[in-house]
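Chains as they are written, first to last, in my numbering: chain A, 1 to 255; chain B, 256 to 433.
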């Protein structure tokens with residue numbers, strides 16, 4: 001690891017945002033580099049100083065009272081005294097009170113499943129994609145094989161994975177291939193194809209799948225994620241470009 | 256059975272989810288507005304807005320959601336009530352920023368130097384101040400900060416890095432007796 005790389009990772013490491021693999025590489029570099037160790041001490045001292053020294057402004061008690069007084073439906077405060085907790089599945093309670101026990105039980109189970117909404121599998125996947133993307137951008141590992149030649153990138157993947165992702169350069173369509181890298185999603189190795197779109201980067205994550213499910217587009221924190229399956233592979237394209245452009249790349253890759 | 260109206264249920268749920276974050280809300284507003292009374296007005300306004308928008312909250316992590324509303328309320332309020340008092344231009348500051356290569360001894364901050372650290376943090380341009388407050392004082396993750404600011408995570412990281420460099424510079428320059 002080079003010093004400039006290590007210095008980018010120091011803050012992530014101190015903030016607890018670095019994955020184990022990069023953490024290990026960073027530790028190895030720090031072992032050997034007094035300069036970077038000094039940088040780490042400085043960053044840590046600064047963070048500790050701000051945490052210990054900067055005033056944390058706690059809300060005055062009067063503010064809580066002001067807010068409680070200003071919120072609508074004040075009579076509830078009295079209502080809560082009855083010891084009845086307010087559950088979101090009140091629908092179930094009503095049925096229960098009406099004597100429809102079996103129906104209520106079904107409704108309660110159904111509602112408990114639906115609410116509160118646990119993050120769906122797709123949501124968790126989207127979170128992982130975002131994290132993986134951010135790590136790659138910061139750690140200089142975004143591209144492990146840099147080539148616009150699909151005949152270089154495809155064998156690179158084939159040599160490292162037990163599947164062979166479709167690799168196509170789309171420079172003619174405005175999406176030049178920049179290269180690829182390996183990453184991990186949900187515990188399995190995946191291929192990541194990297195395309196350029198003007199100043200932006202588009203990452204396409206590919207892995208084999210038995211399901212033939214369509215994913216609906218997601219938007220998180222300034223990033224769009226478009227997903228599809230084709231030829232026994234799942235695809236997720238992620239970028240901060242416009243959703244339409246991302247969709248266009250998806251359409252091109254699906255052809 | 257007497258049935259509580261929807262609005263009271265909503266209020267109870269809102270209180271359970273949002274009120275625990277009142278300190279975080281006030282701390283952020285106070286650091287952005289730099290005035291106790293103004294921060295109280297802002298937070299009260301933000302909580303009422305949050306209550307109106309509460310149906311749109313999914314999941315139970317109310318903190319980033321609420322802080323995003325506090326932040327927006329804050330900037331709207333500041334634009335309204337203190338026009339022209341928007342932060343010092345920071346370009347000049349940025350050009351002079353040295354890397355964190357000062358003597359580590361000088362950066363080894365002693366606890367209790369509240370005044371000095373508060374002054375340095377207050378001096379940060381607000382786009383850096385808010386990420387430092389959210390990270391160091393609220394201990395939000397990069398992902399949560401990105402959600403509060405509605406920016407990509409890469410932006411959070413670069414602002415945090417620049418904010419920290421500026422802070423280090425303020426604190427070391429300060430020690431030279433400047």
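Beta carbons are placed, not taken as given, at the ideal position from N, Cα and C, and that holds for glycine. This structure is a prediction, so every number in the text was calculated from the model and none was measured.
If we count the other Cβ atoms within 10 Å of its Cβ and call it buried at 16 or more, is residue 120 of chain A buried or exposed? exposed
Excluding the 5 residues flanking residue 334 of chain B on each side, which residues of the same chain have their C-beta closer than 6 angstroms to its C-beta? none
Spatial neighbours of residue 387 of chain B in its chain, beta-carbon cut-off 6 angstroms, leaving aside the 5 residues before and after: 418
Does the distance from the CB of residue 375 of chain B to the CB of residue 312 of chain B come in under 8 angstroms? no
Going by DSSP in three states, residue 216 of chain A sits in which element: helix, strand or coil? strand
Please state whether DSSP places residue 233 of chain A in a helix, a strand or coil. strand
Beta-carbon neighbours of residue 63 of chain A, restricted to chain B and to distances below 8 angstroms: 277, 281, 295, 298, 299
Chain-ordered neighbours of residue 56 of chain A on chain B, where CB pairs are closer than 7 angstroms: 282, 392
Could you give the DSSP three-state label for residue 17 of chain A: helix, strand or coil? coil
Any idea what DSSP makes of residue 57 of chain A, helix, strand or coil? coil
Tell me where the beta strand (DSSP E) around residue 189 of chain A begins and ends. 188-197
Compute the distance between the beta-carbons of residue 246 of chain A and residue 237 of chain A, then report whether it is under 8 angstroms. yes
For a cutoff of 8 angstroms on Cβ pairs, would you count residue 409 of chain B as touching chain A? yes
So is residue 236 of chain A in contact with chain B if we call contact Cβ pairs under 8 angstroms? no
Check this for me: beta carbons of residue 319 of chain B and residue 240 of chain A, under 8 angstroms apart or not? no
Residue 70 of chain A at chain B interface by Cβ criterion, 8 angstroms: yes
Test: residue 320 of chain B CB closer than 8 angstroms to a CB of chain A: no
List the endpoints of the continuous alpha helix (DSSP H) containing residue 251 of chain A. 243-254
Taking its Cβ as the centre, do 16 or more other Cβ atoms sit within 10 Å of residue 192 of chain A, making it buried, or is it exposed? buried
DSSP bridge partner residues for residue 124 of chain A (one or two, in chain order): The partner list for residue 124 of chain A (beta bridge, DSSP) is empty, contrary to what the question assumes.
By DSSP, does residue 174 of chain A sit in helix, in strand, or in coil? coil
Please identify the residue among B:368, B:321, B:296, B:294 whose C-alpha is closest to the C-alpha of residue 404 of chain B. B:321
With a threshold of 8 angstroms between beta-carbons, can residue 34 of chain A be considered close to chain B, or not? no
My understanding is that residue 425 of chain B touches residue 369 of chain B, with C-beta atoms under 8 angstroms, so please give their C-beta distance in whole angstroms. 15 angstroms between Cβ atoms; not a contact.
Any Cβ of chain A within less than 8 angstroms of the Cβ of residue 373 of chain B? yes
I'd like to know whether the C-beta of residue 66 of chain A is nearer than 8 angstroms to at least one C-beta of chain C. Among the chains of the structure shown, chain C does not appear; the protein chains present are A and B.
Kindly list, in the order they appear in chain B, the residues whose Cβ is closer than 8 angstroms to that of residue 130 of chain A. 398, 408
Label residue 328 of chain B either buried or exposed according to how many other C-beta atoms from any shown protein chain fall within 10 Å of its C-beta, with 16 as the threshold for buried. buried
Residue 370 of chain B, DSSP secondary structure in three states: helix
Since residue 182 of chain A sits in a beta bridge, which residues does DSSP pair it with? A:191
With residue 174 of chain A and residue 194 of chain A assumed to form a contact (beta carbons below 8 angstroms), what rounded beta-carbon distance in angstroms separates them? The Cβ separation is near 15 angstroms, so there is no contact.
Cβ atoms of residue 206 of chain A and residue 165 of chain A: under 8 angstroms apart, would you say? yes
Count Cβ pairs between the stretch 38-49 of chain A and the stretch 58-75 of chain A that sit closer than 8 angstroms; are there 3 or more? no
Do the stretch 155-164 of chain A and the stretch 262-269 of chain B meet, that is, are 3 or more Cβ pairs less than 8 angstroms apart? no
Using only the alpha-carbon positions, how far apart do residue 412 of chain B and residue 384 of chain B sit? 13 angstroms
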